[in-house]
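Residue 927 in our numbering is what sits at position 379 of the sequence shown, and the numbering runs on without skipping anything. One structure is given here, and the rest of the page talks about it.
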Amino acid sequence: MLDIKFVRENPDIVKENIKKKFEDEKLPLVDEVIALDEEARTIQAEADELKASRNALSKQIGAAMKAGNKEEAEKIKAQVTQNGDRIKELDARHAEVTEKLTNDMMRIPNIIDPSVPIGKNDTFNVEREKFGEPVVPNFPIPYHTDIMESFDGIDLEAAGKVAGNGFYYLMGDIARLHSSILSYARDFMINKGFTYCVPPFMIHGNVVNGVMSFDEMDAMMYKIEGEDLYLIGTSEHSMIGKFIDTITPEEKLPLTLTSYSPCFRKEKGSHGIEERGVYRIHQFEKQEMIVVCKPEDSMMWFDRLWNYTVELFRSMDIPVRTLECCSGDLADLKVKSLDVEAWSPRQKKYFEVGSCSNLGDAQARRLKIRIQGPDKKKYLAHTLNNTVVAPPRMLIAFLENNLQADGSVKIPKVLQPYMGGTEVLIPKHKVVNTK
549 MLDIKFVREN
559 PDIVKENIKK
569 KFEDEKLPLV
579 DEVIALDEEA
589 RTIQAEADEL
599 KASRNALSKQ
609 IGAAMKAGNK
619 EEAEKIKAQV
629 TQNGDRIKEL
639 DARHAEVTEK
649 LTNDMMRIPN
659 IIDPSVPIGK
669 NDTFNVEREK
679 FGEPVVPNFP
689 IPYHTDIMES
699 FDGIDLEAAG
709 KVAGNGFYYL
719 MGDIARLHSS
729 ILSYARDFMI
739 NKGFTYCVPP
749 FMIHGNVVNG
759 VMSFDEMDAM
769 MYKIEGEDLY
779 LIGTSEHSMI
789 GKFIDTITPE
799 EKLPLTLTSY
809 SPCFRKEKGS
819 HGIEERGVYR
829 IHQFEKQEMI
839 VVCKPEDSMM
849 WFDRLWNYTV
859 ELFRSMDIPV
869 RTLECCSGDL
879 ADLKVKSLDV
889 EAWSPRQKKY
899 FEVGSCSNLG
909 DAQARRLKIR
919 IQGPDKKKYL
929 AHTLNNTVVA
939 PPRMLIAFLE
949 NNLQADGSVK
959 IPKVLQPYMG
969 GTEVLIPKHK
979 VVNTK
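See below:
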């Protein structure tokens, strides 16, 4: 959410930013919030004046009564009552106006960074860099669930009976591999100096509104019926929420946390064949990283965070590339975002496995996450988040890139300690490639 003072003083900049995000339907919001802000300030000024007058008149009542001028005292009381009634009207209208103002402000997108490429949708995202050589082996790569089934490692049929589409049972070696990747990612980030955290997996509605846009919330979040609780779609939500209404001394920054959590998402809409299996699901687990820092440090942290993800994937012999998100592909709170995509030898293309985002002070303004400088002055923090790793989607990249011609899967050295020293997984039966 932007600062209303910034919108008031820079309406043309705000409108141009909306156009860059191809959200022209939101252009009227700018003039509307400026008008609402003016009305709110006018109402507040009148209410303050009346309250000051009421206080002064109350003192006059006492003086009149003391002087024995009862008639004058009654006149003043009538004026105090009249002022009180008007104050009630003004307060009610002020609450109505400020609520509308806040809701409109939360729909106006954040100002994107000048480096963000301009484009209407994800087809305009820009490849930045490749890491590792993408290889297509001289043997066929089966679909990822077929590879898992060769290890008796997945049961989608039973999960469908228990929970429906978008759920899964991971079993045996595949389940262990899944957990090992998460454990390795946890230790990887701890070794980078991040504090490990297991956060709440449900959050209140005010936190949801603080960390994401209304459109995102509708598309992603599951609400607990009858309670002010939502299942998290990513641990970033509760991790940023941890700092709601806090003031952190500048010398304690940056705050760097890495968290494990299950994640729950509606995943509205239909998706292509490449997104069946365990690609796009309602429940998964994830290792996340978040940073709360000074505004001048946020772009430095942005580059550092996505590089951590690249380093992690390369340590497991998975080629990746970075893709900068264009203006139309950015969620409204984001200043800048970059996806990390892993190579799929089967599809012969890259697919998303993580996303790094700089949200500027948008979340901090909504959640009142503030920093206190040496001069005791307070200002808003900047917040960032990035995926460390999110299996089971990441398992797709791992299995395809480490699959051998005989159906076995090699275990990179960094993962072997988490797999009990196992160097290679041997399938229980031959892969049946259903494509």
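Quick reminder that beta carbons are idealized off the backbone N, C-alpha and C, glycines included. Bear in mind that the values here come from a model prediction, so they are computed numbers and not experimental data.
Can you give me the Cβ contacts of residue i inside the same chain, cut-off strictly under 6 Å, excluding the 5 residues immediately before and after it?
| i | result |
| --- | --- |
| S818 | Legend: pLDDT at S818 = 42, less than 50; position of this residue unreliable, value from coordinates given subsequently. Once the five neighbours on either side are set aside, S818 has no close Cβ partner at all. |
| A910 | M549, N658, L881 |
| I829 | G714 |
| L777 | M750 |
| M613 | A621 |
When you compare the CB of residue i with every CB in chain B, is at least one pair closer than 8 Å?
| i | result |
| --- | --- |
| V826 | Although the question refers to chain B, the structure presented lacks it and comprises just one protein chain. |
Going by alpha carbons, who is nearest to residue i out of the options?
| i | options | result |
| --- | --- | --- |
| C873 | R676, L605, G632 | R676 |
| V664 | K568, D763, L915 | K568 |
| C841 | P802, Y770, K814 | P802 |
| G680 | K961, N949, M967, Y966 | N949 |
| N739 | K926, L907, D766, L860 | L860 |
| W854 | M737, G758, G968, D923 | M737 |
| A604 | H726, K625, L943, F850 | K625 |
Just the C-alpha distance for residue i and residue j, rounded to the nearest angstrom, thanks.
| i | j | result |
| --- | --- | --- |
| E844 | R852 | 14 Å |
| L598 | N631 | 6 Å |
| A707 | H752 | 29 Å |
| D694 | S728 | 21 Å |
| E510 | S885 | One cannot answer for residue 510 here, as it falls past the ends of the chain, which runs 549 to 983. |
| K678 | G902 | 15 Å |
| S809 | Q895 | 29 Å |
| T782 | A733 | 16 Å |
| W891 | N933 | 23 Å |
| L718 | I702 | 5 Å |
| R556 | D633 | 31 Å |
| T646 | A583 | 11 Å |
| A711 | T590 | 55 Å |
| S1031 | I919 | Not covered by the structure: residue 1031. The range shown for the chain is 549 to 983. |
| I838 | T743 | 10 Å |
| M787 | T806 | 9 Å |
| S761 | E619 | 59 Å |
| K607 | T629 | 14 Å |
| I792 | D639 | 27 Å |
| K800 | E836 | 21 Å |
| I821 | V936 | Only weak support exists for where I821 lies, its pLDDT of 39 falling under 50; the value from the coordinates is given anyway. Going by the C-alpha atoms only, they are around 26 Å apart. |
| L947 | G968 | 18 Å |
| D735 | T794 | 28 Å |
Starting from residue i, follow its DSSP beta bridges and name the residues at the other end.
| i | result |
| --- | --- |
| E675 | L871 |
| F832 | C811 |
| K897 | S892 |
| T806 | Y744, M837 |
| I919 | T796, Y927 |
| V937 | Q835 |
| I691 | The question names Ile, but residue 691 is Tyr in the sequence shown. Per DSSP, none; premise fails for Y691. |
So, at 8 Å on beta carbons, what are the nonlocal neighbours of residue i in its own chain, with the 5 sequence-adjacent residues on each side left out?
| i | result |
| --- | --- |
| E971 | K958, I959, Q964 |
| I660 | N565, K568, K569, S875, L878, K882, V883, K884 |
| C811 | I780, G781, T782, S783, Q831, F832, E833, K834, A938 |
| K574 | I566, R655, I656, P657 |
Identify, in the order they occur along the chain, each residue of the same chain with its Cβ nearer than 7 Å to the Cβ of residue i, setting aside the five sequence neighbours on each side.
| i | result |
| --- | --- |
| G955 | S698, P975, K978, V979 |
| L649 | V581, L584, D585, A588 |
| M768 | G781, R813, K814 |
| E764 | A879 |
| L577 | D652, R655, I656 |
Q) Using 8 Å as the threshold, is the stretch 863–873 in touch with the stretch 667–674, meaning 3 or more CB pairs across them? A) yes
**Q.** the stretch 911–920 touching the stretch 753–760, judged by at least three CB pairs closer than 8 Å
**A.** yes
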